Amino acid sequence: MDVNSLHKILKRQINRHLSAEYLENERLQQFLQAVNESYLNFDRDKELLEHSALLNEREYSDINEKLKEEVSQRRQSVEKLMEAIHLIEVPEGESIADFDPNNLVGLVSFLQRQIEYRKTIEDELRKAKELAELATQAKSDFLSMMSHEIRTPLNGIVGMTYLMLQEEVPPALTENLKTLQFSIEHLQALINDILDFSKIEAGKVELEEINFDLKHLVSNIKRAQQAKAQENGNRIRLMIDDDIPDSLIGDSLRIGQVLTNLVSNAIKFTHQGTITIELSLENRTEDRASVFVSVQDTGIGIAPEKQEAIFTMFTQANSATTRKFGGTGLGLVITKKLLELYGSAIQIDSEEGKGAKFSFTLDLAISHSVPSIIATADALDTKTLKGLKILLVEDYPVNVKVALKFLSMWGISVETAENGLVGTNKCREGEFDLVLMDLQMPVMDGYTAAQEIRKFNADVPIIALTASATFSNRDRAVLVGMNDYVTKPFNPKDLFYKIAKYSQRQINV
Ligand code: ADP
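Shown next, in the form of structure tokens:
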């Protein structure tokens, strides 16, 4: 047997205690082999044991590290949470300053209370919003009612003053009547502006899309403003680019309103000067045209620091202006909002004492059909409506009187009815070219009467006469079968054109 191949301890013992002849013995050899195996096994186990202890220690320290990290992360999160909690607004009496970061349960229940508190606030906000909406509705109802109340008597005053001015009156009285007319016009403008403004605010303005000639519209505005310009010694100059298409699509009334506002301001704030209205084509495609529009004057101008304020409600550049020039302070607000509906912004370029220039760009679709004729002041030809037979349904005697004067002046023969029921009966019995229908009347109102008339006569044009400015009036009138409406106090020209339009009488422009 080779002693050197045995375990070193066993080898040492054999060398010390056994001589070579003993090693010849086979049984002893077997015994020594078994002992040798045991020694080797013992060594292996020992080694394994040592190794596994080492492994456990490493794993343990790893886990420990991870735990420490988690604890520190948790502490940081809680600290962040605490920081955030300190930032939130708590209801009165609730304190968060002495919170224990280790008391997570307390923290969670605190947060729960906060969520409930927030929910209560949200509920209160929602209720406040609903109340505010109700208040807005009440405001608009109030405006509508007031305007009705004011417009009805105003209608009488406007009409009578207009008619008195047409008659032969002593010069002193003419002067007084003119002053009266001036005040009425101001009052009318104020009411219209306020109503217009609240209508725009309430998002109730819808732009119409009709064919119109912008160049023609601007010339008409110039003509309409000419007299006022001359009173101030002003000259109006037009600079119109011929390349602008003749027929565009847009709301000519609203665009006209914007231009009229700017031109009449320019006239108001300029003396012995020039007002230049410029239209130039900025861009054109097959279907659309961009038109640059500007109104420039050589008047008093506006200091830069006041230029923003004049676009806010009821603001004028200085209070002396109001006394000297009048005005509501709403014109530019309305102008700006109307242009916004067209996706356009108004620009102002001015210096105090050096005049002002207001400009904007309109992007409109090009129409390929002929524009509708825009009636002008000169077109109020008394022959146009001569011979028409109209039924006037109106309960307020002053209004009947005023309307009768105008209608007969235009050569129209008129039958009257004092309420909707009488009107419906008269309409059933007689033949009329057109019906003028007041809306609020005793016994039977105008809406019901129109509905009744439509049951037996689908064709006769019915125009509503309304003093009310409820936004839905027009829609309601159309719904019950009326063709159009005229607001009171009616502008005689408006009434004239609407009658001409629906009775299909040709207006000569
Ligand atoms: P108002 O009815 O007072 O004219 P606007 O909203 O149209 O109301 O105008 C507001 C104010 O802006 C005017 O009161 C005036 O101070 C100033 N303003 C407007 N246009 C001009 C202009 N062309 N030149 C000088 N100031 C102007």
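Heads up: the sequence shown is residues 1142 to 1650, going by the numbering used here.
For glycine and all other residues, C-beta sits at the position ideal for the given N, C-alpha and C.
Nothing here was measured: the structure is a model prediction, and the numbers come from that model.
The beta-bridge partner set that DSSP reports for Val1534 consists of Ala1558, Met1578. About 6 Å separates the beta carbon of Ile1640 from that of Leu1575, a gap short enough to meet the 8 Å contact definition. DSSP, read as helix, strand or coil, puts Tyr1626 in strand. In this structure, the ligand ADP has no non-hydrogen atom nearer than 7 Å to the beta-carbon of Asn1333. A direct Cα-to-Cα measurement between Phe1501 and Ser1485 gives close to 7 Å.
In the structure shown, Phe1452 falls within a helical segment according to DSSP collapsed to helix, strand and coil. For Ile1377, same chain residues with a beta-carbon under 6 Å away, outside a window of 5 residues either side, are Lys1363, Ala1370, Ile1416 in chain order. Counting the other CB atoms within 10 Å of its CB gives Ser1324 a total below 16, which places it among the exposed residues. The beta carbon of Phe1597 is closer than 7 Å to those of Arg1569 in its chain, skipping five residues each way along the sequence. When beta bridges are read from the DSSP output, Met1550 appears opposite no residue. Here Arg1254 is exposed. Its C-beta has fewer than 16 other C-beta atoms within 10 Å. Per the DSSP secondary-structure output, Lys1498 pairs in a beta bridge with Gln1437, Asp1490.
Taking non-hydrogen atoms of the ligand ADP into account, the C-beta of Ala1486 is found less than 7 Å away from none of them. Taken through DSSP and simplified to helix, strand or coil, Thr1302 comes out as helix.
An exposed status is given to Met1286, since fewer than 16 other beta-carbon atoms sit within 10 Å of its beta-carbon. The three-state secondary structure of Phe1410, taken from DSSP, is coil. Between the stretch 1167-1183 and the stretch 1201-1210, the count of C-beta pairs closer than 8 Å stays below three; the two stretches do not touch. Excluding the 5 residues flanking it on each side, Ser1388 has same chain C-beta neighbours closer than 8 Å at Asn1352, Phe1353, Asp1354, Ile1507, Ser1508, His1509, Ser1510, Val1511, Pro1512, in chain order. In the displayed model, Leu1348 falls within coil according to three-state DSSP, outside both helix and strand. A Cβ-Cβ distance of about 16 Å is found for the pair Val1563 and Tyr1588, leaving them out of contact under the 8 Å criterion. Annotation for Ala1370 indicates a beta carbon at 7 Å or more from all heavy atoms of the ligand ADP.
In the three-state reduction of the DSSP assignment, Ile1229 falls in the coil class.
Excluding residues up to 5 positions away in sequence, Leu1529, Asp1574, Leu1575 lie with their Cβ nearer than 6 Å to the Cβ of Ser1644 in the same chain. Between Ile1443 and Ser1491, the CB-CB gap stays under 8 Å.
By a beta-carbon distance limit of 8 Å, Gln1398 contacts Leu1479. Their separation comes to about 7 Å.
At the C-beta level, Ser1360 and Leu1379 come within 8 Å of one another. As DSSP reads the structure, Asn1424 sits in a beta bridge with Ser1431. By DSSP's assignment, Thr1415 forms a beta bridge with Arg1376. Leu1159 and Asn1205 have their alpha carbons spaced roughly 55 Å apart. Gly1414 has its Cβ no nearer than 7 Å to any heavy atom of the ligand ADP. Between Leu1151 and Leu1173, the C-beta gap is smaller than 8 Å, which places the two residues in contact. Residue environment: Ser1549 is assigned as exposed (fewer than 16 neighbouring CB atoms within 10 Å of its CB, all protein chains considered). Close CB contacts of Lys1319 within its chain, under the 8 Å cut and outside five residues either way in sequence, are with Leu1306 (chain order).
Note: Ile1291 is not bridge-paired with any residue in the DSSP secondary-structure output. Put simply, the backbone Cα of Leu1420 is about 59 Å away from that of Tyr1258.
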